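Protein chains in written order, with the working numbering: chain A, 50 to 535; chain B, 1227 to 1397. We treat Cβ as the ideally placed atom computed from N, Cα and C, and that holds for glycine. What you are looking at is a predicted structure, and each value in this text was computed from that prediction instead of being measured.
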Amino acid sequence: MSALLALALLGADAEAGTRVGGYVRVMARPDLQGGEGRLGYWNLTGRLMNEGPYAALDVDFDVLEPEADTLSPWTTVHMRIEGGSVGGADPGNGSLDNFRLSQLYVTAGNVLLDEVTWKVGTLRESMGDLGLYDMRLATTFENTVGMSARLQDGPIDWIVGLGDQGYTTRSERYNPVLTAGTTARLRIGDHLQLGGGGQWAWEASVEGHTGAPYQTPSVSYENWLRGEAVQSYRADNPIQADRFPDPERADAQSGHVFGYLGFGGWSGLKWNSTFVRWEKRHPEGPKQDSWAGETVDVHVTNFTDERTVLTVGNETLIDAIPGRLEFALGTLYGLHKDGDNSIMPSEHDRWYASAVLRAQVALTPTLAWLTESAIAQEVSTNGHFIREHEDSIFANTEGVADSRGLEFGDADTRTTWQGKAGLVFNPLGPGIYSRPSLRLLYGIQHSNENNAFSNQFVTTLDQYNAFGTVEQHWHHMVALEAEAWF
Amino acid sequence: MVLIAWMMACMHAVQPTTSAQAPAVAMVMTLAAPEDAETLAAPESAKRAVQQALTAAGHSVSQEIDAGAIQALGTASAQLASAIDAAAGSTVVLISTSARPRGELAGRYPWEISVRLTVAQAGSEPMRQDLNLPVSLSHIHQGPQDALDAAAPRIARRARLAVSRYHRGQQ
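1) Quick check: what's the CA-CA separation for E174 (chain A) versus E437 (chain A)?
2) Note down, one range per segment and in chain order, each beta strand (DSSP E) of at least 3 residues found wholly within the region 377–441 of chain A.
3) At the 7 Å Cβ level, is A1268 (chain B) part of the contact set with chain A, yes or no?
4) Tell me which residues share the same chain as S17 (chain A) and place their Cβ nearer than 6 Å to its Cβ, disregarding the 5 neighbours each side in the sequence.
5) Counting Cβ pairs, one atom from each stretch, are 3 or more of them under 8 Å apart for the region 92–107 of chain A and the region 122–140 of chain A?
6) Alpha carbons only, please: which of A:N192, A:K386, A:A187 and A:F434 is nearest the one belonging to T171 (chain A)?
7) Counting only beta-carbon separations shorter than 7 Å, does L1191 (chain B) have a partner in chain A?
8) On the three-pair Cβ rule with 8 Å, is the region 513–521 of chain A touching the region 453–472 of chain A?
9) Does T1281 (chain B) come out as helix, strand or coil in the three-state DSSP assignment?
10) If you drop the 5 nearest sequence neighbours on each side, which residues of the same chain put their C-beta closer than 7 Å to that of F434 (chain A)?
11) Please work out which residues of its chain come closer than 6 Å, Cβ to Cβ, to S197 (chain A), disregarding the five sequence neighbours upstream and downstream, and give them in chain order.
12) Taking only beta-carbon positions, decide if P476 (chain A) is within less than 7 Å of chain B.
13) Starting from S281 (chain A), trace the alpha helix (DSSP H) both ways and give me its first and last residue.
14) For a contact defined as C-beta to C-beta under 7 Å, what are the partners of R1328 (chain B) on chain A?
15) Look at D21 (chain A) and T430 (chain A) and say whether their C-beta atoms are less than 7 Å apart.
16) Mark A1314 (chain B) as exposed unless 16 or more other C-beta atoms lie within 10 angstroms of its C-beta, in which case mark it buried.
17) Using the beta-carbon of each residue, which ones in chain B are nearer than 7 Å to H127 (chain A)?
18) Excluding the five sequence neighbours on either side, which residues of its own chain have a C-beta within less than 8 Å of the C-beta of D213 (chain A), listed in chain order?
19) Rounded to a whole number of angstroms, what is the C-alpha to C-alpha distance between V519 (chain A) and V410 (chain A)?
20) When you check each C-beta in the region 358–379 of chain A against every C-beta of chain B, which residues fall closer than 9 Å?
21) For the putative contact between A1268 (chain B) and T1256 (chain B), defined by C-beta atoms under 8 Å, what is the C-beta separation to the nearest angstrom?
22) Along the chain, where does the alpha helix (DSSP H) that runs through D1375 (chain B) open and close?
23) Cβ of T265 (chain A) within 7 Å of Cβ of H348 (chain A)?
24) Using the beta-carbon count (16 or more within 10 Å), is T509 (chain A) buried or exposed?
25) Kindly list the residues whose CB is nearer than 8 Å to the CB of A1293 (chain B), restricted to its own chain and excluding five residues on each side of it in sequence; keep chain order.
26) Return helix, strand or coil for T350 (chain A), following the three-state DSSP convention.
27) Are any of the Cβ atoms in chain A nearer than 7 Å to that of P1370 (chain B)?
28) Could you have a look at Q302 (chain A) and say whether DSSP puts it in helix, strand or coil?
29) Name, please, each residue of chain B whose Cβ falls closer than 7 Å to the Cβ of S175 (chain A).
30) Can you give me the C-alpha to C-alpha distance between S1340 (chain B) and G84 (chain A), rounded to a whole angstrom?
31) Can the beta-carbon of A187 (chain A) be found less than 7 Å from the beta-carbon of F293 (chain A)?
32) Are the region 134–147 of chain A and the region 71–85 of chain A touching by the rule of at least three beta carbon pairs closer than 8 Å?
33) Hey, how far is the Cα of S1245 (chain B) from the Cα of E532 (chain A)?
34) Using the Cα positions of A63 (chain A) and V69 (chain A), report the straight-line distance between them to the nearest angstrom.
35) Can you give the Cα-Cα distance for V279 (chain A) and I288 (chain A), rounded to whole angstroms?
36) Grouping DSSP H, G and I as helix and E and B as strand, with all else coil, what is Y103 (chain A)?
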């Protein structure tokens, strides 16, 4: 709170040495079909009408300003507060609990080495964006606090960094997660960019530290999934004097690599960005398991250390009629694998593919008509995960009702189509990515899943369900929204 | 549909006010990127945007003053004096800009363009305006010249208004 006030004061009194900026996204989307103001579940069918409100305030303060055409030292303090809530626009109602000081770092240039910028603090770096999906696959040092050095010399932009991501990984159970990484981007002429990078993290295995990575022996994967580790142990060891097995030290590592290819600047092709990212997720910490009044921490490092994600995304921006008609085409593919889990559908065992096409025609220099169509398919590779009908079964095995089954619903594939259209005010001129934009949109979705959007329907088939169940596959919505960088 | 039809009916093209007797203008635009050691030139597209705005207001605009030579002079007063000398009686519009990058924000690359807009004529008090214009670029490879290009429509509008005010003040 005090930090926010300090930033507000800085912003109000901004002088030459202070630069204030930010980002806002706010909308009213009354949902007359029982939803919570979003057309679908997530950005796989495009970010438009699938995201909630957001606000970020960004401040740079020049302690020592750089001087043009010289290599004299300079230094800047950077702070960012951001969060996903706005009064009246979401359940958080703009509460400051939803905001955080997400970035704080100090940069210093031309110290010790010319054309090198040193950064100490939060290190997050991103090489680009799939704007239609609001996804950044070329992001590094996302959760890292440490030090980096950046060399910008002609066509080369090279960053090396190292630090600790223990607090973002483990929070109150802090344990050092040492990490190092690098990214490099090369400009080849004015029309081609190549980039790549990676980061790896090792969690310290400190003997006796309760937050260090451990694995509880003699617990099966299925018993842990079902929350029956203690129950199962007591079935085999009914005497309370038999202690639940002590955890054993384990190895926890994670990391990612990515590649980026960008080209464009020819006649109609404004720019094309292709990203490939492979990621190994960090193993999870302990989970509590209880039975008959006995509660223990089950350590699951070895149960969660084979989760990988491969993501490939592309976005093309085409200026079909300059100043009049633009197209943006996005495609995305994701493959999530969990080598430990072969029995239960989860978000770690699936693949998905999506395509989004947006066209925006400028009716005047400041008013445009937007049309977007998106198709997406998500497939669970460990069995059923969605309910297609209001009376579909819940837990099942191979589609047969089974109260002990680990599958859910009656289908392993969700296919979703969304269409969006409406007027856009662009005060700063035409363009799909011209901001600020004020939009009046209509959106429609069809999915084979019943009620494929966040909602508060009661889904139980119990005869005493006072609210009944609802089946609907079409979802309509009108949105009044604004988005701006400033 | 009714709303759309109503809005379309309300829309009309705004024609710039022109003045047949508007004085000749000599325009210079410079660009600095303080975090780079390189000397930069303002992109032609940005200069063209300002020129078009001034031309639409009825001014004849020349860009014959050497921006590089002006930028090489150490102080703002020396730059202005040199530009006035080179303008041979025309009104000078000296636009000194500087572009600074900021951290990536929500998928965009924000920049801040600082502009010192000076309108002057030999023997008269100059008029100065300082502007800070934020712009957000879509790609990481875009640099100071792209940032200035993105801010050019706003700079052009402010330049047109400043020249108009300056000449009104001279009358």
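Looking at the atomic coordinates:
1) 41 Å
2) 399–413 and 416–429
3) no
4) Lying before the first or after the last residue shown, residue 17 (chain A) is absent from chain A, which here runs from 50 to 535.
5) yes
6) A:N192
7) With chain B covering only 1227 through 1397, there is no way to say anything about residue 1191 (chain B).
8) no
9) helix
10) P394, F457, G458 and D461
11) K168, L172, I208 and G210
12) no
13) A278 to D285
14) R68, G70, D107 and D109
15) It is not possible to answer for residue 21 (chain A), since the shown part of chain A is limited to 50 through 535.
16) exposed
17) G1329
18) T193, V194, G195, P225, V226, L227 and T228
19) 38 Å
20) L366
21) 6 Å
22) P1370 to Q1396
23) yes
24) exposed
25) V1254, M1255, T1256, A1267 and A1268
26) helix
27) no
28) strand
29) E1330
30) 45 Å
31) no
32) yes
33) Any reading at S1245 (chain B) must be qualified, since the residue scores a pLDDT of 48, below 50, and its modelled position is unreliable; the value itself is stated next. Each residue's alpha carbon lies about 38 Å from the other.
34) Low confidence applies to A63 (chain A): its pLDDT is 44, below 50, so where it sits in the model is not reliable, and the reading given next is rough at best. About 7 Å.
35) 13 Å
36) strand
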